[in-house]
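Order-wise, the sequence lines are chains Z and F.
Following our numbering, the numbering of the first sequence begins with 1 at its first residue and continues without gaps.
Following our numbering, the numbering of the second sequence begins with 1001 at its first residue and continues without gaps.
Here the structure comes first, spelled out in structure tokens, and everything after it is commentary.
Protein chains: 2
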Amino acid sequence: LSLAAATGCRPGADGGFDADIAPGWDIGGNANGGYLLALAGRAMAAAATRPDPVTVTAHYLAPGKPGPVHVDTAVVKQGKRFTAVQATLRSTAPDTMGRPILALLGTFGDLGGGNGDSHPTRVDAAPPDLPPVEQCVRITPRENEPFPPPFSTKVEARLHPADAGFATGDGPSGEPRVRGWFRLPDDEPVDTIGLLVVVDAFPPTTFNARLPVAWTPTVELTAHVRARPAPGWLRCTFSTRFVTGGFLEADGEVWDATGALVAQSRQLALLPRS
Amino acid sequence: LSLAAATGCRPGADGGFDADIAPGWDIGGNANGGYLLALAGRAMAAAATRPDPVTVTAHYLAPGKPGPVHVDTAVVKQGKRFTAVQATLRSTAPDTMGRPILALLGTFGDLGGGNGDSHPTRVDAAPPDLPPVEQCVRITPRENEPFPPPFSTKVEARLHPADAGFATGDGPSGEPRVRGWFRLPDDEPVDTIGLLVVVDAFPPTTFNARLPVAWTPTVELTAHVRARPAPGWLRCTFSTRFVTGGFLEADGEVWDATGALVAQSRQLALLPRS
């Protein structure tokens, strides 16, 4: 199932949207957070009647299991350039009826047509310096091992070798950072909804920190989509500066093949008590 | 009016909250974005029955003018540690009845009690290096000048002299960054709701960029409150790395007098067309 198919939604009776959490997008049985964000984001874009998630925030309330879901959407304001939409993604499986999985807030617009051309521009950063794709590390599932997860077959994420030691046996780098290439399999284009998957598609930064930390569940994730990506591999970087008080943030940047920043993200994640 | 008084709210008939945008917290007639966030945030905390905005996002839909407002709140999930709340802040003045000003999503918790003590900690950053408070620049209103705004009398923000040239006549620094001290007047304590004011209390970073850009309206602001601040002056830094496609982000950090990071923020702002 392509990402587009796995995030498809159908208008529901109440003005919301019916959809399904597709199997295979999970990590240990729970759907990847970026995939859930894209699923809800596509329904929100439909409600907004504007294609691009200029800024979208999701709060993660419960794990998403494969099965039917419903996205309630409420347009708060339809303006001249933007539409603001509140949403919730709920399970509609019989045994979990109505359980909220995500709560969301997004502002949608239209990033096509070179709107930025007439604006001043300044970029004080550069895409991450990555070895060629073929020298980077694809983490693929091995039988009977919990890591890497099924999700890693749905996307092609290739890690900078210096950031992949936690997986290859060289050990964590000591720096809470993960850099790598991203594309979808079978040359499926990454649109601005697809970018919502990219910003949560890499292993946690903490895997490279020498900290007694395993999984770090996301509390909240905000993505800013700054431009529609050009075709080709995306360059991504995620890093963490503050592991404090039982929380950490992970800041992401996604750059397209032309060297343009296409998305920024920040998530707040929880350190399970040690 | 103290910040606590200016952000007070009363339970309304429908389960939401009535409040007032107080006069004097404005910039050119429009209430400061951080003040509006704190006003709504206090109502959301009351709905959540949890005091601390662990993460809160606001989308800015229309300017807030002094006068009566209503905060609709909906608890999406009340969990063991956190409560997630959706909200809208709407004008209830007769001529603007129901106009949405902010749409919000927040997860509230309890950051008291030293929850972080048992967690691994790592901080790869330091508070901004600031000259003593008395050597920093307080921007105060001068009669008949549009800048600085009335809001600047409601808070005490003192800018690093190197970042204040746009106001003192030395000219912009050329770096889209603003650093400074913050406290509330009359020794009013800054609680975690008060931090929502701090993250939008400084002049825009673009004032120090040598770009043909004046005001940059906020589209979205997300604050992560990482700890309750200790009493005393707060050290703040805001910077921008990407001015692209008609948008820019401004990233903020707030550190307390003990040197602890107490809040992180990111806002997405709009470059008016030139």
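Even glycine gets a Cβ: it sits at the ideal position worked out from N, Cα and C.
Just so it is clear, the structure is predicted and the values come from calculations on it, not from any experiment.
Distance check for Z/Q267 and F/P1176, CA to CA, integer angstroms please. 24 Å
Give a yes or no on whether the C-beta atoms belonging to F/A1157 and F/F1182 are separated by under 7 Å. yes
So, F/L1009 versus F/A1019, is the Cβ gap smaller than 7 Å? It is worth fixing the name first, because residue 1009 of chain F is Cys in this sequence and not Leu. A contact, by the Cβ cut-off of 7 Å.
Uninterrupted beta strand (DSSP E) stretches inside the region 1118-1202 of chain F (no shorter than 3 residues): 1156-1159 and 1177-1183
Any beta carbon from chain F within less than 7 Å of Z/D163's own beta carbon? no
Would you verify that the beta carbon of Z/G116 is, or is not, closer than 7 Å to some beta carbon of chain F? In this prediction, Z/G116 scores a pLDDT of 49, lower than 50, which makes its location untrustworthy; the coordinate-derived value is nonetheless stated afterwards. Yes, Z/G116 counts as interfacial toward chain F.
What residues from the region 65-86 of chain Z come within 8 Å of chain F, judged by C-beta to C-beta, listed N to C? V76, K77, G79, F82, A84 and Q86
Which of the three DSSP states is assigned to Z/L268 in this structure? strand
Looking at the C-beta of Z/S265, does it have a partner C-beta in chain F at a distance below 7 Å? no
DSSP three-state label for Z/R10, please. strand
Between F/V1178 and F/P1229, how many whole angstroms is the CB-CB distance? I'm expecting something under 8 Å. Incorrect: roughly 19 Å between the Cβ atoms, too far for contact.
Do F/L1003 and F/G1194 have their CB atoms nearer than 7 Å? yes
Between F/M1044, F/V1054, F/Y1035 and F/F1017, which has its C-alpha nearest F/P1063's C-alpha? F/Y1035
For a contact meaning CB atoms closer than 8 Å, what does Z/T57 contact in chain F? T1057, L1105, E1220 and T1222
Taking C-alpha atoms, which residue in F/V1071, F/A1045 and F/M1097 lies nearest to F/A1084? F/A1045
Report yes if the C-beta distance between F/D1026 and F/P1204 is below 7 Å; otherwise report no. no
Any Cβ of chain Z within less than 7 Å of the Cβ of F/A1125? yes
Quick one: what's got a C-beta closer than 8 Å to Z/G116's C-beta in the same chain, skipping five residues either side? In this predicted model, Z/G116 has a pLDDT of only 49, less than 50, meaning its place in the structure is not dependable; the value taken from the coordinates is given anyway. Closer than 8 Å at the Cβ level, and outside the excluded window around Z/G116, lie A227.
Would you grab the beta carbon distance between Z/L221 and Z/G33 for me? Rounded to a whole angstrom, and I think it's under 8 Å. 6 Å
Can you name the start and end residues of the beta strand (DSSP E) that F/L1037 belongs to? Taken as a continuous stretch (DSSP letters only), F/L1037 belongs to no beta strand (DSSP E), being part of the alpha helix (DSSP H) at G1033 to A1048.
Partner residues on chain Z for F/V1155, Cβ-Cβ distance less than 9 Å: Those within 9 Å of F/V1155 in chain Z number zero; the least Cβ separation is about 24 Å.
For F/E1249, count neighbouring C-beta atoms within 10 Å of its own C-beta (all shown protein chains included) and say buried if the count is 16 or more, exposed if not. buried
Smallest Cα separation from Z/G180: which of Z/N30, Z/P132 and Z/S173? Z/P132
If we require 3 or more residues per run, which beta strand (DSSP E) segments fall completely within the region 197-268 of chain Z? 218-225, 234-239, 242-244 and 247-255
Mark F/W1215 as exposed unless 16 or more other C-beta atoms lie within 10 angstroms of its C-beta, in which case mark it buried. exposed
Got a sec: is the Cβ-Cβ distance from Z/F166 to anything in chain A below 7 Å? The structure shown contains no chain A; the protein chains it does contain are Z and F.
Please check if any C-beta of chain F sits within less than 7 Å of the C-beta of Z/G276. The first residue shown for chain Z is 1 and the last is 274, placing residue 276 of chain Z beyond what the model contains.
If the criterion is Cβ atoms closer than 7 Å, does the pair F/P1053 and F/V1225 meet it? yes
When DSSP labels each residue in this structure, what does F/P1094 get in the three-state scheme? helix
What are the residues in the region 1183-1215 of chain F lying within 8 Å of chain Z by C-beta distance? A1209, L1211, P1212 and V1213
Would you report the Cα separation of Z/K65 and Z/T7, rounded to the nearest angstrom? 14 Å
Nearest-angstrom Cβ-Cβ length linking F/A1048 and F/V1075, presumed shorter than 8 Å: 7 Å
Is it right to say F/P1128 is buried, meaning 16 or more other beta carbons lie within 10 angstroms of its own, or is it exposed? buried
Check this for me: beta carbons of Z/T206 and Z/V213, under 7 Å apart or not? yes
Which of helix, strand or coil does DSSP assign to Z/A4? helix
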